[in-house]
Structures are given as structure tokens and as C-alpha cells.
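One structure is given below, encoded as C-alpha cells.
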Amino acid sequence: MANLDVEFFTGVPDSLLKQFCLCIDDNVPENRHVITANEGNAIALAAGYYLAIGKPPLVYMQNSGLGNAVNPLLSLCDPDVYSIPMLLLIGWRGESGVKDEPQHVKQGKVQLDFLQVMDIPYEIISKDDSEVEKKITVSVGTLKKENRPFAIVVKKGTFDSYKSPSLTINDRLMFREESLEIILNNLPSSSIIVSTTGKTSREIFEIREKRGQSHRQDFLSVGSMGHCSSIALGIAVAKPDRKVVCIDGDGAFIMHMGNLSTVGKLNPKNFYHILMNNQVHESVGGQATSARFIDIPDLVKANGYNDVFYTDNEQELTLQINELINRAGPNFLEVLVKPGSRNDLGRPTVNLADNKSSFMDFVQEK
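Residue numbers (our numbering): 41 to 406.
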């Protein structure tokens, strides 16, 4: 990329781009590689860099994040507006003919049509593509010449393995799954639970399976990253007599933090927000989030939550879960955990439509 005059990188990590993202993270200075809260932020940040330097940046993302990027792509960077060039590197989840999770299938199916409708030219690259370098060179040349965004769509398995230095882990902390076990043990059986995308929902599913419990009280947000708390808030507003618990992750929490102010405004007494904070995007490679630089309890309190708790150990967690759930909300608990999960961690095996139906029946119960 340096040979093509592309020196600034920003975006949201993706599992298909994991090796690329890790390599960039290790080899590009912090002031020229920024992991943003969401993909729209990345497009705007890249645009600002171009306006200051005049060199085209690279923005990376999973295709599920393209929706977040649409507004600045079309109302800021489009040739009919400010005509800002940048290279988009997009991981193609849900590609036709490639087995993937349900939440990626439709996005993968419409991926190329989506780019065409937005009038964003693109190239597709794969591991067996002998013209990858040529395609990237032509793409950068085109975006410079035409002053417009240009996309490289990346198929699964394109990048070679890259070994990044191991994360420094505080062994004193609990793993997320250990914390979830404690949390589920201490929530009332009538609680309505909405859990975030990624490994949090996968672990909750497997805890229920291990215990022989039903999944009917859990809404697993397998997609829609960053919107878990909004889903939970909608339920809390509609069912003010039921306790609604949102179990969030730091990457998702940061992605759409604006909902904190909506929670504060509505002030639902039955809303309980738990943040599992391991300070990394674990599901897609372990790249750092900005959570370590934020005073999350103060931020949440400033947005109008009532009681805000923090813990990093098992003993306090049991006490604070009970404090959290037995006081009038909206309340918040940040649980600092260490990155990592079981190697044999599976994925939800229930049909999502069936899960929705049984969950709605549970919510309707008195």
C-alpha cells in the first residue's frame, strides 16, 4: 500500500480481514491506524484525513457494517458531493455458495448489488486470484483519477495467516463465560434477557444448553451489532412491569453509544444494562477497542442512568448483580473480564424464527 501512496488506515475489524487488520495494527503507527467506533465514523475520519493531506486513505469493514457507512459515503464522499477518494476493503460474509451464519446470508446476497446501486466501483479478490496486486493497483489508480470511493471485496480465506504478538492478559480477571454463569445464576427467572452479538450470546446459549434450560427468556442478537441496548429498551418501554436485562459487549456498546442518552431520557425503571468489557473485538481477532480509554461509569451516569456499578472479581459480581436488579432502573454494571473463550465454543443451534416465537411468548407472560 505504501507504494501506492496509501498510508492511512481506519475501520472496524472483521473476521475475514483478521490477518490484514493484525498486520496493520502491528506495523503502522497509531496516528495512521485508527480503529473506530463504527464504519460511518471510519468513512468520515478517512475523509478528514484526505482533506488535510490529499492522499487517499483505506477503510476496512465487514460487509454487515456497510449500512453504517452508507450516509457518509453518499452524502459526503460521492462524486456528486465532495468527491473524496478512498479505498474500501470489505470482507464478504454470506457470499453465495459459502456456508455462513443466518445473519450474514442476506447481506452477502445483496453485497455487489448494494455497491452497484451506490455507484461504487469494485473488484473482487480471493486467495486463488493471481491478479490481486494488479487489481489493487488499478483500483487505487481509478479512485485517484476519478476522485471517488472504490471497493475491494474480499472473499473468505484470501489473506495468509499472520501471527501477532500475544495480548497481555490479567489472569486475576474472570473470563466472560465465568461471569455470565454468575450473572444468570443471580437474575430472577422472570427476567427478559437481550444479549449482544458475538461470543456473549454464544456463551449464554451454551450455558443454557449445559443446564438443560430453555432459551425462551433470551433474545440473542446474532447480528445488528451495537443495537442490543435499543432492542432491550424497546421491550422495557412496552413491558414496564417486567425486568429487562441487556447484556452488552464493549465493542458493540461503543459502536452506537447514542442510545445511552435515549435510556436516560426515557428513564425506564425496569431497564438493567450489563457491560461485559474485555477491551477487545474478540470475535474478529482481538484488536483493541477504545474502552480502555473511557471512564464508562461516569459516561453512563452523565447520560441519566440511576445507579452505576463496576466490578472485576467474582465476589463483588454476585453482590452487585443483586444490587443492580433490586433497585429501580435504569441501572448499569460494568464487568471487566479478560479476553478469551473455549476452543470448542459452538454457535446457537435453534432456528432463529422459533427462538423469536418462544421469546415473544415468554415476554407476553404475566
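Ideal Cβ positions, reconstructed from N, Cα and C, are used throughout, including at glycine. Since this is a predicted model, take the numbers as computed values, not measurements.
Problem - Spatially closest choice to Ile-233 from Asp-120, Phe-311, Asp-338, by CA coordinates - result: Ranked by Cα distance from Ile-233, the options Asp-120, Phe-311, Asp-338 are led by Phe-311.
Handout entry: Simplified DSSP assignment, three categories, for Gln-257
Key = If DSSP states are grouped into helix, strand and coil, Gln-257 belongs with coil.
Practice task
Given a cut-off of 8 Å, decide if Asp-140 and Gly-131 are closer than it, judged by their beta-carbon atoms.
Solution key: It is not a contact, given that the beta carbons lie outside the stated cut-off.
Problem - alpha helix (DSSP H) runs contained entirely in the segment 57-96, provided each spans 4 or more residues - result: List check, alpha helix (DSSP H) in window: 58-67, 79-93.
Problem - Span of the alpha helix (DSSP H), counted from its first residue to its last, around Glu-243 - result: Bounds of the alpha helix (DSSP H) holding Glu-243 are 239-251.
Exercise for the section: Mind listing, in chain order, the continuous beta strand (DSSP E) runs of no fewer than 3 residues lying wholly within the segment 349-395? Expected result: Segments of the beta strand (DSSP E) lying fully in the segment 349-395: 371-376.
Practice task
Check Phe-432 in the structure and name its three-state DSSP category.
Solution key: One cannot answer for residue 432 here, as it falls past the ends of the chain, which runs 41 to 406.
Practice task
Using only alpha-carbon positions, find the residue among Leu-357, His-267, Arg-282, Lys-239 that is nearest to Asp-384.
Solution key: Per the Cα distances, Lys-239.
Handout entry: Contacting residues, own chain, Cβ-Cβ under 7 Å from Ala-331 (five flanking each side not counted)
Key = Setting aside the 5 residues that flank it on each side, Ala-331 is surrounded in the same chain by Asp-290, Ile-294, Asn-317, Gln-319, each with a C-beta closer than 7 Å to its C-beta; the list follows chain order.
Exercise for the section: Could you tell me whether the Cβ atoms of Thr-50 and Asn-226 are closer together than 8 Å? Expected result: No, the pair does not count as a contact, with Cβ atoms beyond the cut-off.
Problem - Exposure of Gln-156, with buried meaning 16 or more beta-carbon neighbours within 10 Å - result: The residue is exposed, with fewer than 16 neighbouring Cβ atoms inside 10 Å.
Exercise for the section: Look up Gln-319 in the DSSP assignment and say whether it is helix, strand or coil. Expected result: In this structure, Gln-319 counts as coil in the three-state DSSP scheme.
Handout entry: Residue from Lys-309, Leu-113, Lys-174, Val-348 whose Cα sits closest to the Cα of Leu-315
Key = Measuring from the Cα of Leu-315, the nearest candidate turns out to be Val-348.
Practice task
Specify the secondary structure class of Arg-235 as computed by DSSP and reduced to three states.
Solution key: According to the sequence displayed, residue 235 carries Ser and not Arg. Ser-235 falls in the strand class under three-state DSSP.
Exercise for the section: Take every Cβ of the segment 244-255, pair it with every Cβ of the segment 270-281, and state whether three or more of those distances are shorter than 8 Å. Expected result: They do not touch, by the three-pair rule.
Practice task
Determine the burial state of Met-126: buried for a count of at least 16 other Cβ atoms within 10 Å of its Cβ, exposed for fewer.
Solution key: By the 10 Å Cβ count, Met-126 comes out buried.
Practice task
Given a cut-off of 8 Å, decide if Phe-60 and Ala-86 are closer than it, judged by their beta-carbon atoms.
Solution key: No, the pair does not count as a contact, with Cβ atoms beyond the cut-off.
Problem - Inter-residue Cα distance where the pair is Asp-211 and Val-377 - result: Their backbone Cα atoms lie some 10 Å apart in a straight line.
Practice task
Verify whether the separation of the beta carbon atoms of Leu-260 and Pro-388 is less than 8 Å.
Solution key: Annotated as proximal: Leu-260 and Pro-388, with beta-carbon spacing under 8 Å.
Exercise for the section: Kindly indicate which three-state DSSP category Glu-163 falls into: helix, strand or coil? Expected result: Reduced to three states, the DSSP call for Glu-163 is strand.
Problem - Residues that DSSP places opposite Tyr-100 in a beta bridge - result: According to DSSP, residue pairing for Tyr-100 in a beta bridge involves Gly-51, Leu-129.
Handout entry: Within 8 Å, strictly: CB atoms of Asn-103 and Gln-151
Key = For Asn-103 and Gln-151, yes; Cβs fall inside 8 Å.
Handout entry: Val-193, enclosing beta strand (DSSP E) - first and last residue
Key = It spans 189-194 - the beta strand (DSSP E) in which Val-193 sits, taken as one unbroken run.
Problem - Nearest neighbour of Arg-373, chosen from Asp-281, Asn-366, Leu-392, His-313 [CA to CA] - result: A small fix is needed here, since residue 373 is Leu in this sequence, not Arg. Distances from the CA of Leu-373 to each of Asp-281, Asn-366, Leu-392, His-313 were compared; the closest alpha carbon is that of His-313.
Exercise for the section: Please go through the same chain and pick out, in chain order, the residues whose beta-carbon is closer than 6 Å to the beta-carbon of His-73, but skip the five residues on each side of it. Expected result: Only Phe-49, Ile-64 meet the Cβ criterion.
Practice task
Compare the beta carbon distance of Asn-78 and Val-99 with 8 Å and say whether it is the shorter of the two.
Solution key: Going by beta carbons, Asn-78 and Val-99 fall outside the 8 Å limit.
Exercise for the section: Could you spell out where the beta strand (DSSP E) holding Val-121 opens and where it closes? Expected result: It is not in any beta strand (DSSP E) - Val-121 carries neither H nor E in the DSSP assignment.
Problem - Neighbourhood of Glu-363 by C-beta distance below 8 Å, restricted to the same chain and skipping five residues each side - result: Excluding positions up to five away in sequence, the list reads Asp-347, Phe-349.
Practice task
Identify every residue that forms a DSSP beta bridge with Ser-287.
Solution key: Position check: residue 287 holds Ile in this sequence, whereas Ser was assumed. Looking at the DSSP assignment, Ile-287 forms a beta bridge with Ser-235, Ile-314.
Exercise for the section: Label Gln-355 either buried or exposed according to how many other C-beta atoms from any shown protein chain fall within 10 Å of its C-beta, with 16 as the threshold for buried. Expected result: Per the 10 Å Cβ criterion, exposed.
Handout entry: Option in Ser-381, Leu-114, Asp-45, Phe-399 with minimal Cα separation from Glu-218
Key = It is Ser-381.
Exercise for the section: Alpha carbon to alpha carbon, how far is Lys-146 from Glu-246? Give it in angstroms, no decimals. Expected result: Pairing Glu-246 with Lys-146, the inter-Cα distance amounts to about 26 Å.
Problem - Gly-386, buried or exposed, once every other Cβ within 10 Å from all chains shown has been counted against 16 - result: Only exposed fits Gly-386, as fewer than 16 other CB atoms lie within 10 angstroms of its CB.
Exercise for the section: Compare the C-alpha of Leu-128 against each of Tyr-122, Asn-71, Val-46 and name the closest. Expected result: Nearest option by C-alpha distance: Val-46.
Exercise for the section: Name, in chain order, the residues that DSSP records as bridge partners for Gln-327. Expected result: Partner residues in the beta bridge of Gln-327, as assigned by DSSP, are His-321.
Practice task
Pick helix, strand or coil for Phe-199, following the three-state DSSP scheme.
Solution key: Looking at Phe-199 - three-state DSSP - the assignment turns out to be coil, as it is neither helix nor strand.
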